[in-house]
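Residues in the sequence shown are numbered from 488 upward in steps of one, following my numbering. First comes the structure, then the notes that go with it.
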Amino acid sequence: MSAYSSLTQPDERAAGPTSSDMRYPVYIVLLFFICFAFSYLDRQIVSILVQPIKQSLALTDTQIGLLQGLSFTMCYATAGVFVARLVDRTNRAKLIAACIAIWAISTTACGFASSFSELLAARAGTAIAEAALSPAALSIFSDIFTPRRVARASSVFMLGPYVGGGVALFGGGMLLSAAHSGNSAWLAAHGIEPWQAVFIAVGLPGLLLATLVAFTVREPVRLETLDHETKAEDVVPSLRDVILELFVRNRFCLPYFAAYVALIAVFYSHSAWFPTLLMRHFHLEPRAVGQMAAPAYMIGGTLGIACAGMLATCVTDESTLRRVLGFSAGAVATLVPAAIAMPLVADSTVAVVLYGTCAFAASIAMGLAPVPLQIAVPNRMRGRSLALLVFMTNAVSGGVGPLAVGYLNEHLRHTDNSLGVALALTGGLSALIGSVLYVIAMRRVPVAHTLAVAT
Numbered sequence: 488m489s490a491y492s493s494l495t496q497p498d499e500r501a502a503g504p505t506s507s508d509m510r511y512p513v514y515i516v517l518l519f520f521i522c523f524a525f526s527y528l529d530r531q532i533v534s535i536l537v538q539p540i541k542q543s544l545a546l547t548d549t550q551i552g553l554l555q556g557l558s559f560t561m562c563y564a565t566a567g568v569f570v571a572r573l574v575d576r577t578n579r580a581k582l583i584a585a586c587i588a589i590w591a592i593s594t595t596a597c598g599f600a601s602s603f604s605e606l607l608a609a610r611a612g613t614a615i616a617e618a619a620l621s622p623a624a625l626s627i628f629s630d631i632f633t634p635r636r637v638a639r640a641s642s643v644f645m646l647g648p649y650v651g652g653g654v655a656l657f658g659g660g661m662l663l664s665a666a667h668s669g670n671s672a673w674l675a676a677h678g679i680e681p682w683q684a685v686f687i688a689v690g691l692p693g694l695l696l697a698t699l700v701a702f703t704v705r706e707p708v709r710l711e712t713l714d715h716e717t718k719a720e721d722v723v724p725s726l727r728d729v730i731l732e733l734f735v736r737n738r739f740c741l742p743y744f745a746a747y748v749a750l751i752a753v754f755y756s757h758s759a760w761f762p763t764l765l766m767r768h769f770h771l772e773p774r775a776v777g778q779m780a781a782p783a784y785m786i787g788g789t790l791g792i793a794c795a796g797m798l799a800t801c802v803t804d805e806s807t808l809r810r811v812l813g814f815s816a817g818a819v820a821t822l823v824p825a826a827i828a829m830p831l832v833a834d835s836t837v838a839v840v841l842y843g844t845c846a847f848a849a850s851i852a853m854g855l856a857p858v859p860l861q862i863a864v865p866n867r868m869r870g871r872s873l874a875l876l877v878f879m880t881n882a883v884s885g886g887v888g889p890l891a892v893g894y895l896n897e898h899l900r901h902t903d904n905s906l907g908v909a910l911a912l913t914g915g916l917s918a919l920i921g922s923v924l925y926v927i928a929m930r931r932v933p934v935a936h937t938l939a940v941a942t
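Okay, here's the thing in structure tokens:
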């Protein structure tokens, strides 16, 4: 099957839906965006709670790096591999609803953890459940939008990490301060510390969101199965077929995957450690960190995603793949100097502005990241293809990025601003590698197109 079948075969979506037809798809995009934001709220709330968790459970920076990075992302990535086959052959809407409920319960359970191992186990539950959302939602988008509209829908969806992460910083700081000042006596009487109360507060609303998805989202028809008389179970390709499609027929995929791994290493490192940098190096309180960093993070990320959406309108269905990779290469190249300078400047305001700049540059590439697989890979391979991308980014960048910063910080502890130096080394090098790999991927697109058409 051609990797470009969605571009070369007639598509019933191409006629252009009416405004009334678009209301439900727009609702789906917005709802899944909210789900994605909640997943990152639950995921990144730890970043604003690092100091109280560390003091309460007597943890090292390496353990904090494990908690935010390797342990969480390895569970997330490994679960994604198993969930992906469900995405390709089962009801994706019901799968998403079930997983939201599970991660909400797991996040709430973090609020009852009294040791590192208990907190680690609860975070693992959150990670495993969150693994289904991205591949399932992006797969659904591919069945209700044309390639160009897929790029725009995906860019809106990819706002989730920035909105959710921003709410985690701002709301987490506010909740933590409120728990310390107003309700600390009541919480202490019930054996709950302020940081535990924050986990409970952000976890429980997810159950309402799961209910909304379960009762309002319909599973769309998988368009590529409309042209076949065989049942869906009979046309699900093997994992070997998926690997061949990605890395033999589509030669751009290997550098593209590696580029995204490098980009996400920057993203996870900044998300995990920048709030701590503001607290340790600039001696800011958690509430002040949230008030400063959250707006920069959300505004930068939102503007970057909006920019990605506008760039998506500048392409045709036939040129989408090459142009998307080119736009991503340029965005990640601009990230390099900002990622190096941000943790090393002497003023907290300048650091926060550069943090927003990093969010802007990274979010352009992140907003466009799913598009190559959505348009270049056949329907019954998309779930596992996207899950493989998620696995690589989380197992490598999500695991190694925050852990590397914590490890380098401990070994540079006699250096002035050791955490800043560790962040600059990790972020700057990762961004540089990512920009080069995106260029290589873009240059391979004509070869990949020729091979795909020939098959």
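Beta carbons are placed, not taken as given, at the ideal position from N, Cα and C, and that holds for glycine.
Ordered along the chain, which non-local residues of its own chain (more than five positions away) have a Cβ less than 6 Å from that of residue i?
i, result
"E720", "Caution is warranted here: a pLDDT of 47 is assigned to E720, below 50, making its placement in the model unreliable, and the coordinate value is therefore given only provisionally. Cβ neighbours of E720 beyond the five flanking positions: none."
"P773", "I535, G660 and L663"
"A911", "I827, P830 and L831"
"T800", "none"
"V654", "L528"
"N881", "T560, Y563 and A564"
"L713", "With a pLDDT of 48 at L713, under the threshold of 50, the modelled position of that residue is not reliable, and no figure is offered here."
"M879", "F744 and V748"
"F754", "A849"
"S558", "L607"
Give the C-beta separation of residue i and residue j to the nearest angstrom, bearing in mind that I take them to be a contact with Cβ-Cβ under 8 Å.
i, j, result
"L771", "S815", "Contact flag wrong, Cβ pair sits at about 33 Å."
"P857", "L625", "5 Å"
"A618", "A566", "4 Å"
"P446", "A874", "In the structure as shown, the chain begins at 488 and stops at 942. Residue 446 is therefore absent and cannot be evaluated."
"G690", "G598", "7 Å"
"S642", "I792", "5 Å"
"I786", "G843", "6 Å"
"A918", "L798", "Contact flag wrong, Cβ pair sits at about 19 Å."
"N866", "R709", "5 Å"
"V729", "M868", "5 Å"
"E732", "V864", "6 Å"
Considering Cα atoms alone, identify which of the options is closest to residue i.
i, options, result
"N896", "L765, V887, G907 and G886", "G907"
"R610", "T594, I540 and P622", "T594"
"Q538", "W682, F569, I589 and A618", "W682"
"A781", "G796, L765, A795 and C794", "L765"
"W590", "L696, S629 and L919", "L696"
"I631", "C740, V568, V516 and G598", "V516"
"F739", "V932, V513 and P512", "V932"
"N904", "M929, A775 and F761", "F761"
"L646", "F847, M868 and R867", "F847"
"L886", "L546, I551 and A852", "Just to set this straight, residue 886 is Gly in the shown sequence, not Leu. When each option's Cα is compared against that of G886, the closest is I551."
"L699", "M929, A795 and Y514", "Y514"
"R930", "L812, Q542, R510 and H768", "L812"
"S872", "S543, Q555, V568 and K541", "V568"
"A775", "T836, E732, N578 and D728", "T836"
"L431", "L546, E732, P707 and T703", "The structure shown does not extend to residue 431, since the chain is modelled only from 488 to 942, so the question has no answer here."
"A688", "N737, G817, A596 and V729", "A596"
"Y894", "M509, T549 and P512", "T549"
"A825", "C845, R727 and I851", "C845"
"F603", "S884, V650 and Q555", "Q555"
"A600", "G678, R572 and P707", "G678"
Quick one: residues in its chain with C-beta nearer than 7 Å to the C-beta of residue i, no 5 flanking neighbours on either side, listed in chain order?
i, result
"G652", "Y527, Q531, S758 and Y784"
"G659", "I532, I535, L536, V685 and G777"
"R705", "A580"
"G921", "A746, A749, L750 and V819"
"L876", "F744, Y747 and L860"
"A891", "T913"
"A640", "V516, F628 and F632"
"L694", "A588 and A591"
"L924", "P742, A745, A746 and A749"
"H667", "P681"
"V840", "A783"
"S756", "G888, P889, V892, L910, T913 and G914"
"R767", "L906"
"V926", "A816"
Which same chain residues, not among the five before or five after residue i, have their C-beta less than 8 Å away from its C-beta?
i, result
"K718", "With a pLDDT of 49 at K718, under the threshold of 50, the predicted position of this residue should be treated as unreliable, though the coordinate-derived value follows. Here the set comprises nothing."
"L620", "F519, C522, F523, S526, I583, C586 and I587"
"S543", "E680 and W682"
"L656", "Q531, S534, I535, P762, V776, G777, A780, A781 and Y784"
Practice task
Write down every uninterrupted run of the alpha helix (DSSP H) in the segment 773-826 whose length is 4 residues or greater and which is fully enclosed by it, in chain order.
Solution key: 773-799
Exercise for the section: Entirely within the segment 841-900 and at least 4 residues each: give me those alpha helix (DSSP H) ranges in chain order. Expected result: 858-863, 866-879 and 886-898
Problem - Unbroken stretches of the alpha helix (DSSP H), 4 residues or longer, contained in the segment 580-645 - result: 603-617, 620-631 and 634-644
Practice task
Let me know the alpha helix (DSSP H) ranges lying completely inside the segment 647-673, each 4 residues or longer, listed in chain order.
Solution key: 647-668
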